[in-house]
Amino acid sequence: MSEPLARVDVSHPGTAAHVVVTGEIDISNGEDVGLQILDSIEDARLLVIDLSRLGFIDSQGIRMIHELSSSVDGRGIELEVVAPADSVAGQVLRLACLDETITITEG
Amino acid sequence: MKTQHAAEQIGEDLSADGPALPEKGLWTWPDRLGSGGTVALFIVVATTYAIGARLAFALIVSSGLDGVFFIPAGITAAFLLRLPRRHWATVLLGAGVTEAAMDLANGFTFAQSLGFAAANVAEPLLGALIVTSAIGVLDLARRKHVVFFIVGSVLAGPALGALIGAGADRMFGGDDFLATFGQWWLGDALGVVIVGGSIVAWGPSPDRRTLGSLPGAALLAGSAVLTGYAMIGTDLPIVFMSLIGIVVAGVVFGPRAVAMTALTVAVTVALSISLFSGDLIVGLTRGTALLIIKIEVGLFALAGLVVAAEAHERELASRRASASELRAALIEKDRQQEHEIALRLQRALLPSELLQDDRFRMAARYEAASDMLEVGGDWYDSIRLDRGRVGIVVGDVVGHGIEAATSMGRLRSAFAALAISEESPMRLLTELDRFAGTQGGTAFATAVYGILDPVGELRYASAGHPPPLVLPRHGSPYWVDGARSQPLYGESRTPRREAVARIEPDSTIIFYSDGLVERRGEPIEVGLGRLETEAGALRNLDPDELCRQLVTRMGVGSERNDDVVVVAVRLLSLESPHRDFRLDIPAVPTELKRLRDELRSWLKLNQLTGQVETDLLLTVGEACSNAVRHAYPEDRPGLCTVALQIEEDHVRVRVIDYGTWHERAKPDGYTGRGTDIMRSVSSDFSRETGADGTTVSFRIPIKHSKLKR
């Protein structure tokens, strides 16, 4: 693939890791996107994943978020997912009831 | 008889009286004569022979020349030609005894008289033997009969008579052999033609025309007057002109008229030379002139007979021909009418048009057999089913004519009723068979039924019908030849099968009846091969045009001995903006992106954006992800078909894989999550897993998304 399906941009304001995922997440790249995000955490205490500009996310992305959530939970890192209710990701995450276990913000 | 000598002794008396002719008439003389009958026949022959001889002598004496024609020769010849052979001895005895008696009475020596008698017996006998051996009962209206009459009785017989007569004459003190021979031959030949012909012509001929009309009488009178004028009124050689009447009689009136006209002319000639002693033809002696005239009369009489026979035969032939033409035309008209009725019935029972929609193009062609007896029985139909599917059937009721056409109509009605609710082609055929069993008329029928869905799944079953042919847009044609079972003959317990074929978009399925491929004296494989070749060459044509040209190319000409049905069903592709979406992708993760892109552009073309777009991308993606995960072994991924149809207020989605769910990853909660998402967002969610794959289908509402809460 010439162009990656999803792009992961990381910044570290203070003790937080701010990850912006654009593009699309599906079965072909879900695991990769998850690993990239994990790598970008470093020693941050707060992980903010911004999915508000994501073009597509499916159950594979939900799985990835869910696993990520379990992973950072064990390391004492706080997770916050930015996904407005009317965004693609916001709809899917709420549909999968992830909003019950993960902090999802409107951004 | 030797006329020259007889002429000298004409003054002798002869007892000429005999009994009257038998009541039944001359020509219906009973086959078996009693002794009295035989005596009577002998007396009749002897009497007529004697009268004829006396008449001939009288003319000769009065003219001082040779006789014109020897009447007794014709009389004896006619008796023999008309009577069965068993009576010939009596006839010949009568003629021979009379001849000998007259000769003796006229002063010939006993030897001479015996010789003349022998000549006059041998002469008609030879002629009659030749004629009756060759043709049986003489009919002068027949060309062949006239020819044998001339050869046997007119030429050969008198020639033999002349030979014997002239020989006897010479041997026992007579004149120049050749002169006697010639005189004898010519005189007797003329006698046979004119007198014999006249008598024979009145025999049992189918041509019964006579001169009994004004033109006929005028012809006779004209011939007599003209002949008399030519003989007496002028000494120019114009007798032949009066003889033309004989030929005219042959053309217009037939053999009887020829004989009568010739007789009239001959009698006129004879009377003329008796009453008139001037020159007959300028520059010639009377003897030479008469010789010429006699030859002319003889030739014209023969020509007249031949012409009459010819004319008669032609008329008979043309009458026969026109009669058989008329009969044939009537039969043909009858057949045409029945043919038309069967044809009209057949056409009325066939669908006027096949259904069309965004996904299918269908065309059909029915060519009735050219023979009335063969029309009927072939049928086809299409029916709209739910979920965008169509059912297509082609069948052939064995048997022909109106009966087969009505059987076909019943079967078609039953099909239409059954197909609406019956999902399985196999079971439909079973039901159709059961129905056929309740109908007395439908003895035997074949049919193939297929249900084609928008995604290109053809589910089909065949009851003894030739296999449909699939023409992909690219690639070789292939037969859909599974799911075969016995024809329909009212035996519902016959095991039926069904099968599924995958039809690529832009492929065309050809359904047909056996009339398209079967040729007499040719194995069916040859016809199937021809269909494969010809249909393959036409696959890019519009279905209508394809059917038309296929029928032509398959050699279905104007002379067919069977009905022909061709139905072409094209599964349309969705490359252009379209109400339907279809994409086949390899079931691998990296293909999902392409699927979404295709889907997005299709949605955009159909102005389906916003929520419905999100919903569709998500659900279709989930369905495909499942296929990617579970349908195929990792190293051998197969295809996944995505088909969407826009219906009133929703989009129908079908995602199909053709593998078996491998569970290569144990259910981990996420497969279930994807399914949960689909269930949540869609309506009518279903997943059917069969031996040949899994089909997920659901509907996504266009206006009121379930997602947006």
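Line by line, the protein sequences give chains A and B.
The C-terminal position of the first sequence is numbered 107 in the numbering used here, with every residue numbered one higher than the one before it.
The C-terminal position of the second sequence is numbered 816 in the numbering used here, with every residue numbered one higher than the one before it.
Think of the CB as a built atom: it goes at the ideal place given N, C-alpha and C, for glycine as much as any other residue.
In this text, all values refer to a predicted model and were calculated from it rather than measured experimentally.
Strictly below 9 Å CB to CB, what residues from chain A border Arg743(B)? Under the 9 Å cutoff, chain A gives no residues; its nearest Cβ is about 18 Å from Arg743(B).
Straight-line gap, Pro573(B) to Val624(B) (C-alpha atoms, nearest Å): 9 Å
Would you say Thr796(B) and Trp768(B) are within 8 Å of each other, going by their C-beta atoms? Taking 8 Å as the Cβ cut-off, Thr796(B) and Trp768(B) qualify as a contacting pair.
Ser260(B) and Ala184(B) look like a contact to me (Cβ under 8 Å); what is the Cβ gap, rounded to whole Å? 5 Å
Given a cut-off of 8 Å on the beta-carbon distance, is the pair Pro575(B) and Ile616(B) in contact? yes
Is Val27(A) helix, strand or coil when you go by DSSP? At residue 27(A) the sequence reads Ile, which differs from the Val that was named. Looking at Ile27(A) - three-state DSSP - the assignment turns out to be coil, as it is neither helix nor strand.
By Cβ distance, which residues of its chain are closer than 8 Å to Asp39(A), with the 5 residues on each side in sequence left out? none
Kindly give me the distance between the Cβ atoms of Ile610(B) and Leu559(B), rounded to whole angstroms, as I take these residues to be in contact under 8 Å. Separation of the CB atoms of Ile610(B) and Leu559(B) is rounded to 7 Å, and the pair is thereby assigned contact status at 8 Å.
Helix, strand or coil for Trp63(B) per DSSP? Outside the displayed span of chain B (108 to 816) sits residue 63(B), for which this structure offers no information.
Can you list the residues of chain A that Thr537(B) reaches, using a CB-CB cut of under 8 Å? Per Cβ cutoff of 8 Å: no residues; Thr537(B) is ~43 Å from chain A at best.
Could you tell me the alpha carbon to alpha carbon distance between Gln111(B) and Ser431(B), rounded to whole angstroms? Below a pLDDT of 50, predicted positions are generally treated as unreliable, and Gln111(B), at 42, falls in that range; no measurement from the model is reported.
Going along chain B in order, which residues have a C-beta closer than 8 Å to the C-beta of Ala96(A)? Arg780, Asp783, Ile784
Let me see if you follow: with CB-CB separation under 8 Å, is Gln60(A) close to chain B or not? Yes, contact with chain B.
Between Leu855(B) and Val727(B), which are expected to be in contact by the criterion C-beta below 8 Å, what is the C-beta distance as a whole number of angstroms? A query on residue 855(B) cannot be resolved here, the shown segment of chain B reaching from 108 to 816 and no further.
Would you verify that the beta carbon of Thr819(B) is, or is not, closer than 8 Å to some beta carbon of chain A? The requested residue 819(B) does not occur in the structure, where chain B is confined to residues 108 to 816.
Can you pull the chain A residues whose beta carbon is under 7 Å from the beta carbon of Leu724(B), in chain order? Phe56
Is Thr716(B) close to the ligand HEM? I mean its beta-carbon at under 7 Å from any heavy atom of the ligand. Ligands are entirely absent from the displayed structure, and the ligand HEM is therefore not among its contents.
Can you tell me which of Phe279(B), Leu326(B), Arg454(B), Ala337(B) puts its alpha carbon nearest to the alpha carbon of Asp353(B)? In the sequence under discussion, the amino acid at residue 353(B) is Ile, which differs from the Asp named in the question. That would be Leu326(B), whose Cα lies nearest to the Cα of Ile353(B).
What is the DSSP secondary structure of Ile610(B), counted as helix, strand or coil? In the three-state reduction of the DSSP assignment, Ile610(B) falls in the coil class.
Thinking C-alpha only, which one of Ser489(B), Thr145(B), Arg660(B), Leu245(B) is nearest Arg468(B)? Ser489(B)
Decide if the segment 418-425 of chain B is in contact with the segment 365-374 of chain B; the criterion is three or more beta carbon pairs, one per stretch, under 8 Å apart. no
Output, in chain order, the set of chain C residues within a Cβ distance shorter than 8 Å of Lys700(B). Absent from the structure: chain C. Protein chains present are A and B.
Are the C-beta of Val92(A) and some C-beta of chain B separated by less than 8 Å? yes
Whose Cβ in chain A lies nearer than 8 Å to the Cβ of Arg794(B)? Listed along chain A is no residue with a C-beta nearer than 8 Å to that of Arg794(B); the closest approach is about 15 Å.
Where does the unbroken alpha helix (DSSP H) through Trp309(B) begin, and where does it stop? Here Trp309(B) belongs to no alpha helix (DSSP H), and DSSP marks it neither H nor E.
Between Met515(B) and Gly717(B), what straight-line distance do the alpha-carbon atoms span, to the nearest angstrom? Spanning the two alpha carbons is a distance of roughly 52 Å.
Of the listed residues Arg519(B), Ile345(B), Glu755(B), nearest to Val500(B) (C-alpha basis): Arg519(B)
Go ahead and pull the three-state DSSP assignment for Arg75(A). coil
Less than 8 Å separating the beta-carbons of Asp756(B) and Ile809(B)? Yes, Cβ-Cβ distance for Asp756(B) and Ile809(B) is below 8 Å.
Assuming Leu657(B) is part of the alpha helix (DSSP H), what are its boundary residues? 650-660
Ser220(B) to Ala377(B) span [Cα, whole Å]: 26 Å
Whole-angstrom distance between Ile345(B) and Leu211(B), CA atom to CA atom: About 40 Å.
Between the alpha carbons of Gly628(B) and Ala694(B), how many angstroms are there, rounded? Cα to Cα, the separation comes out at about 50 Å.
Using three-state DSSP, classify Ile182(B) as helix, strand or coil. In the three-state DSSP reduction, Ile182(B) falls in the helix class (H, G or I).
Endpoints, alpha helix (DSSP H) assigned at Glu720(B): Residues 718-737.
Would a check of beta-carbon distances place Val33(A) closer than 8 Å to chain B? no
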